[in-house]
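Numbering follows my numbering, with no gaps: position 2 of the sequence shown is 1110.
Even glycine gets a Cβ: it sits at the ideal position worked out from N, Cα and C.
All figures in this text were calculated on a predicted structure; none of them were measured in a lab.
Written out below as structure tokens is the structure these notes cover.
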Amino acid sequence: MDNDGYFYVPDCKTHELRPWRIEDSCGRVVAGGHEQGDRLDQLNSSKYIFVDQNYLVYVSDENNHRVIKCIESATEGIVVAEGQNKENGLTQLSCSRGVIVDQLGTVYVADCDNYRVIGWPKDTKQGTVVVGGNNPAHG
């Protein structure tokens, strides 16, 4: 919930994200809403979100292997951490899930298929491994 009392609810069936207040009967779309896909105005299995102190919404777009930042009244999101080819390099994510952003703008994302958490400093094209990265078969 943000400071204005909104809960942000991802809808995996409609591939959109809406903020809601308890008294609302209809929320507005702040991300996605243009069917499932990989364009910057589309989402694909987005279950994890983070809202920062400036009300910027970060969406972990799981099946597109990326994290996008949504700015109010923008028509599409901005990629802030990207998967490219579903690999394990530092410029890639595979099955992005949970996401948080610190006060410096570093995006931390759970890179599930690579068993790690990656930190992407603001305005960079590459992340750094914060935790993990080991194959589970090797401990």
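Give the straight-line distance between the Cα atoms of residue i and residue j, rounded to the nearest whole angstrom.
{"i": "residue 1246", "j": "residue 1221", "result": "Any reading at residue 1246 needs caution, since the residue's pLDDT is 46, under 50, leaving its predicted position unreliable; the model's value is listed next. Between residue 1246 and residue 1221, the C-alpha separation is close to 15 Å."}
{"i": "residue 1189", "j": "residue 1235", "result": "8 Å"}
{"i": "residue 1239", "j": "residue 1224", "result": "5 Å"}
{"i": "residue 1208", "j": "residue 1217", "result": "7 Å"}
{"i": "residue 1200", "j": "residue 1114", "result": "32 Å"}
{"i": "residue 1123", "j": "residue 1231", "result": "26 Å"}
{"i": "residue 1161", "j": "residue 1202", "result": "27 Å"}
{"i": "residue 1227", "j": "residue 1213", "result": "10 Å"}
{"i": "residue 1142", "j": "residue 1237", "result": "33 Å"}
{"i": "residue 1197", "j": "residue 1233", "result": "12 Å"}
{"i": "residue 1116", "j": "residue 1110", "result": "8 Å"}
{"i": "residue 1121", "j": "residue 1129", "result": "21 Å"}
Write down the C-beta distance between residue i and residue j rounded to the nearest angstrom, noting that I regard them as a contact closer than 8 Å.
{"i": "residue 1164", "j": "residue 1176", "result": "About 11 Å; that fails the 8 Å criterion."}
{"i": "residue 1174", "j": "residue 1159", "result": "Rounded, the Cβ-Cβ distance is 18 Å, inconsistent with contact."}
{"i": "residue 1215", "j": "residue 1166", "result": "6 Å"}
Nearest to residue i by alpha carbon, out of the options?
{"i": "residue 1118", "options": "1111, 1112, 1126", "result": "1126"}
{"i": "residue 1112", "options": "1143, 1210, 1131, 1173", "result": "1131"}
{"i": "residue 1210", "options": "1156, 1219, 1139, 1229", "result": "1229"}
{"i": "residue 1205", "options": "1212, 1219, 1124", "result": "1219"}
{"i": "residue 1185", "options": "1233, 1151, 1171, 1197", "result": "1151"}
Which one or two residues does DSSP pair with residue i in a beta bridge?
{"i": "residue 1119", "result": "1124"}
{"i": "residue 1190", "result": "1174"}
{"i": "residue 1219", "result": "1204, 1224"}
{"i": "residue 1168", "result": "1156, 1175"}
{"i": "residue 1237", "result": "1226"}
{"i": "residue 1144", "result": "1151"}
Taking a contact to mean a Cβ-Cβ separation below 8 Å, would you say residue i touches residue j in this structure?
{"i": "residue 1149", "j": "residue 1183", "result": "yes"}
{"i": "residue 1170", "j": "residue 1153", "result": "yes"}
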